[in-house]
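Enquirer: Those protein sequences? They're chains P and H, same order as listed.
Under my numbering, the very last position in the first sequence is 1348; numbers go up by exactly one each time.
Under my numbering, the very last position in the second sequence is 539; numbers go up by exactly one each time.
Using N, Cα and C, we set each Cβ at its ideal position, and we do this for glycine too.
Please read all numbers here as calculations on a predicted model, not as lab measurements.
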Amino acid sequence: MLLDRNLHIRAIDAFIDPSTPKARAIVTHGHADHARSGHGAVLATPDTIAIMKTRYGEDCAGTFEALEFGVPLLIDDVTITLYPAGHILGSAQVLVEHKGQRVVVTGDYKRLPDRTAQTFELVECNLLVTEATFGLPVFQHPHPKVEIGRLLASVRANPERAHLVGCYALGKAQRVIALLRDAGYDAPIYLHGAMLRLCALYEELGVPLGDLRPALDVPKAAFAGQIVIAPPSAIRDRWSRRFPDPVTCQASGWMSVKQRARQALVELPLVISDHCDWGELGQTIRETKAETVWVTHGREDALVYWCQQQGLTAEPLNIQGFEDDGGEGEE
Amino acid sequence: MKRFAQLLELLALTPSRNRKITALTQYFAEVPDPDRGFALAVLTGALTFRNVKPALLKDIVLAEVDPTLFAMSYDYVGDLGETIALIWPHHGEQSDLPSLTDLIELFNTTSKSELPKLIASLLTRAGINERWALVKLATGALRIGLSARLAKTALAEMSGKDLQEIEEVWHGLKLPYLDLFAWLDGKAERPDIDQSARFHPLMLSNPIDEEKDLAKLDPADFSAEWKWDGIRVQLVLGGGTVSLFSRTGDDIATAFPDIVDNVSGLAVLDGELLVGKNFEPGSFNDLQQRLNKKVASAKHLKESPAFIRVYDMLFDGREDVRPLEWTQRRARLEAWMVANPQTRLDLSEVLPFGDWDNLAKLRRQGADEHGHEGVMIKLRSSPYVPGRPKGFWFKWKRDPNVVDAVLMYAQRGHGKRSSFYSDYTFGVWKGNEIVPIGKAYFGFTDEELKLLDKWVRANTIQAFGPVREVKKKLVFEVAFDSAQQSTRHKSGVALRFPRINRIRWDKPASEAGTLEDMAVFVAAS
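1. Where DSSP assigns a beta bridge to R1277 of chain P, which residues make up the other side?
2. Is the Cβ-Cβ distance between R343 of chain H and V335 of chain H less than 7 Å?
3. For R212 of chain H, count neighbouring Cβ atoms within 10 angstroms of its own Cβ and tell me buried if that reaches 16, exposed if not.
4. Closer than 8 Å by beta-carbon distance: list the chain P residues that pair up with D93 of chain H, in chain order.
5. Assign S278 of chain H to one of three DSSP states: helix, strand, or coil.
6. Flag this pair as yes or no: are the beta carbons of I1252 of chain P and L1226 of chain P separated by less than 7 Å?
7. Under 7 Å Cβ-Cβ, which residues of chain P neighbour V79 of chain H?
8. Taking 8 Å as the limit between beta carbons, can you name the residues of its chain near D1294 of chain P, skipping five residues before and five after?
9. Going by beta carbon distance, what residues of the same chain come within less than 7 Å of F42 of chain H, once the five residues before and after it are set aside?
10. Counting only Cβ pairs nearer than 8 Å, list the residues of chain P close to P29 of chain H.
11. Does D330 of chain H pass the burial test, meaning 16 or more other C-beta atoms within 10 Å, or should it be called exposed?
12. Compute the distance between the beta-carbons of H1051 of chain P and K1039 of chain P, then report whether it is under 7 Å.
13. Tell me the DSSP bridge mates of N1143 of chain P?
14. For D467 of chain H, count the other beta carbons within 10 Å of its own beta carbon; 16 or more makes it buried, fewer makes it exposed. Which is it?
15. Considering only residues of the segment 1238-1318 of chain P, which uninterrupted beta strand (DSSP E) runs meet the minimum length of 3 residues and lie entirely inside it, listed in chain order?
16. In chain order, what residues of the same chain have a beta carbon less than 6 Å from the beta carbon of E1114 of chain P, not counting five sequence neighbours either side?
17. Run through chain H and tell me which residues come within less than 7 Å of R1255 of chain P, C-beta to C-beta.
18. For the candidate residues H:P355, H:Y325, H:R502 and H:H386, whose alpha-carbon lies nearest to that of V364 of chain H?
19. How far does the beta strand (DSSP E) with L258 of chain H in it extend, from its first residue to its last?
20. Between M217 of chain H and V399 of chain H, which are expected to be in contact by the criterion C-beta below 8 Å, what is the C-beta distance as a whole number of angstroms?
21. Specify whether the segment 243-251 of chain H and the segment 273-288 of chain H touch according to this definition: at least 3 beta carbon pairs, one from each stretch, less than 8 Å apart.
22. My guess is that E447 of chain H and R412 of chain H are in contact by the Cβ rule of under 8 Å, so how many angstroms apart are they, rounded?
23. Hey, how far is the Cα of L1168 of chain P from the Cα of L1334 of chain P?
24. Rounded to whole angstroms, how far is the Cβ of L463 of chain H from the Cβ of F434 of chain H, which I believe are closer than 8 Å?
25. In the segment 424-467 of chain H, which residue ranges form an unbroken beta strand (DSSP E) of at least 3 residues, counting only runs that do not cross its ends?
26. Below 7 Å CB to CB, which residues in the same chain sit around L1282 of chain P once its five sequence neighbours on both sides are set aside?
27. Need the endpoints of the beta strand (DSSP E) that R246 of chain H sits in, please.
28. Using alpha carbons as the reference points, say which of P:E1304, P:M1018, P:G1117 and P:L1298 lies closest to T1313 of chain P.
29. Looking only at its own chain, which residues have a Cβ that is under 7 Å from the Cβ of W370 of chain H, when we skip the five neighbours before and after it?
30. Chain H partners of R1279 of chain P, CB-CB under 8 Å?
31. Compare the C-beta of A19 of chain H with all C-beta atoms of chain P and state if any pair is closer than 7 Å.
32. Between which two residues does the beta strand (DSSP E) holding T1080 of chain P run?
33. Beta-carbon separation of I222 of chain H and F406 of chain H under 7 Å?
34. Counting only Cβ-Cβ distances shorter than 7 Å, please list the residues of the segment 234-249 of chain H near chain P, keeping chain order.
35. Per DSSP, what kind of secondary structure is W197 of chain H in: helix, strand or coil?
36. Can P1101 of chain P and E1138 of chain P be called in contact, C-beta distance under 7 Å?
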C-alpha cells in the first residue's frame, strides 16, 4: 500500500498532517488540527509555511520546503504534487503517485470560489482520502452572498447595536471580511486582538481586506452600528461587555441547525462554511473517479454508507489526534 | 408565509423577552387579517390539523431520502421537524409559498391521499427558512420558546388594552380572531363571547411585610385561611357545561375528568386544586404527577383523586357577585354549597384568630404540624378585583427553610446575563462527598452577581461547554419552600423554589449542611 491508514507514505517515510511530531511531514493547511509544530522537515505551500511561522514561530519545524501548486516533486520514486483545496489561503490537496497508482488526500476543502483561498482543482485518482466535516445530508449550504446579505440587513435594522461576528481567526475571519467588502461594505471593520496578526498576514500575502481596526480604546457608544469580528468564544464572554447591546452572530456551517444556534446563544446564525456540503462531497467523490474512498475528519459513517451505496469501496479512518469536537474547533 | 417564517426565526433565536414582544407587536400591527389571526393561533398552539401529522411528514421525506441517512441525520440534529426541513433536497427552483391563510386552507381541504404530493411540492418550492417554518407549522411542534402569554402580552402592547381584558375573552374566541383584532384596532366593541365557558382573570395576593404592614392593619377587618399547596383554578359551571382553567386561563379540563364529570350547578368558583383521598391533600409531588399528563391515567384517577378546595365565588348562578364584599361572597358561597351538594368540592375553612400574634402562632403551628405553606389574609370588605390590587389579599408564608450549601457548578445565563455565570448548582455533604440538591439563579444583587462571576472564573476546575465545575469552597445560604424526596437527583432530595438567600463568603465549606440535615425538611412536608 502506497499510503497507510495513518496517512503515512512508507516509501519515503513521510506523514500527511500528522498530529504528533514526525521526521517528515506534508502539511495540507495551517489549521491546528492539521498543522502542528515540532516536525523535523515540513513540505507545504509557501502560504501555509508563512501561516505556520506566524502562528507557531519561525522555528516551529527543523526545515521547511515550499512547494508551489501544480509542481511535481520527485522523492525517490514517489511523486508529490500539491493542488489547491479552496479551504483557506494556501490550503492544498496532496497527490501521491507511485508506479501509476494515484492517491489524493484532500485535507479540508470546498468547491465554491473564494478570493481568500486558491480555488479548488479536481484531481482524478484511484484512492481518495476525503474529509467529511459536513458529511450528513442535512448540510446543504446556502450561498454565502445570501448570508452576508442577512448580516448587512441586520446591521441596517439595528443601528443602535454592535454586531459581533464569531469567526475562527484563520480563514473564516478573512473570508467573512472579504465577503463583506465584496458586498460593498466599506466602513471600518473592528477586530478582536486574536484576529490581528493573521489578517495582517493575509494582506501581506496579497488578499486586500480594507479598513481594519483593533476593537480597542473606542468608546462603547461608537460601536453602535459597527461590525466586530471575534473568536466564537469571545462573543458571549466578558470581552463582549464593551459593546452596546451586541447582536451575537456566528459564521459557521454548523449554524444551519437552529436548535444548535439557540443552544449556543447565537442570535444571528450565518451559514458560511469553508467545507463542502453534503452534495459537494458526493459530487467530488464521483468526479475524481476514485474506486476506493477513505473518509476522515467528521461524520464518516454517513459518507461511507453513501459510497457503499454507490458501489465504491469505502471505510472510515479513525485517525489519532483528531477529535470530533462537534463544530467547536477550527473549521 | 415569508413574513411569518421571519417572525418564527426571530422568536426562536432572540433571547430578549422585550425584543420578542416588539417583533410580535410589529407583526400583528403590519400583517392584515386573516393571516395575523392564523399566525396567532399557530403561536399559541390553538391550531391542529386532522390529517397533517409528524408521521406523515416523515413518510414524505423517506420517499425522497435514504432511511439510513435520515436516521443518522435525525440522530445528529435531534429535532424531527428541523431534520426534515434541512434534509429535503434543494432543487434550485424556489418561489414564494402561499400565504399562511391559504396554506392552512390547503392543509385542511386537501384529501388524505393528495396531501403527500401537496406537501412535497411545497417543501421543494420553499426557501430554507420558509421550509423550516412550514415543517413547524405542519407538525405543530414549534419549540421556539414562546408562551401563549407572551403572544397575548404583545397584543396588549399593540392595542393599549389590558392583558386581563384580552385573557377574559380569549377562550370564547374563534379562528381567525377577526372580532378580536377589530376590537384591538379600536374598530369594534369587545367581542361578546359565550359566558358559560369564559375565563375570568383571577384576583391575586401580595406578600405581607410583617414589620411594615401588620402594625397598620386591624385584625378585625380581616379573615384568614390556610394557604393551600396545590394549583389555583377557576371552575366555570354553566349548568350542564363545565370548564376548568388554570390561573393563566389554560383549559386543563382533560387532565381532571374526575372533577369535571362530577360537579354540577351554575356558578363560577375560585379555589385550589389538590389531590388526595377523602379531601386529605397529598403532597405537591402527587399533584405534579397528574399535571404532567395531558390526559389522566386510570391509575392516577384511583390513587390520586383530585378535588377543589373552594374559597371564593365570582358568579352565583348568572349573577356577577364580584362587586360584593368578601363577607357577602363567602355567605353566598356557603349557601350555594348547601344547595348544590358536591362530591369533589369542599370549602376552605375560615380560621378564627384574635390578633396578629395569635395568627402568627397558628401559622407556625400549621407549618410544623401539617406542612401548610402559610396563611392567606383577606380584607372582609374587599370586592373581587382581577389582577393584584394592593391592600385586599395578603399571603403570609411561613418562614422559609434554609440550608447552607456548597457551590458545585455554574452555568452562563441567557440574554443580558449571557456573559455571566449566573445559574448555580449547589450541594450538601453526604459523608465525604458533596451531592447536588438544587439549582438557583436569583436571590442576589447585580453587584453580587459580578463578584460571583469573578469567583467562578477564578476557581474553575474544569469546563464542560457552558458549564464550569468550581472548587468546592463557596457556601450559599439557600432558602426554599419545601423539600421532597426525588429519584431524579443523586442526593434523593429536591427543593421547591430554591433561591440564594445570602452568600457566605466567610463560611468554610466543611461547615455546610449535610444530607441528614435535609431529612428533617423532607419529613415535614
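Expert: So, to answer that:
1. Answer is none; R1277 of chain P lacks a bridge partner.
2. yes
3. buried
4. Q1276
5. coil
6. no
7. P1154
8. F1151, F1156, Q1157, H1158 and G1270
9. R50, A168, L169 and M172
10. L1282 and E1284
11. buried
12. no
13. Partner(s): none; N1143 of chain P has no beta bridge.
14. buried
15. 1244-1247, 1264-1268, 1285-1287 and 1309-1315
16. T1096
17. S433
18. H:Y325
19. V256 to S260
20. 6 Å
21. yes
22. The Cβ separation is near 31 Å, so there is no contact.
23. 37 Å
24. 6 Å
25. 435-444 and 447-454
26. R1253 and T1265
27. I245 to G252
28. P:L1298
29. L228 and P233
30. A26, L27 and G159
31. no
32. A1078 to A1083
33. no
34. none
35. helix
36. yes
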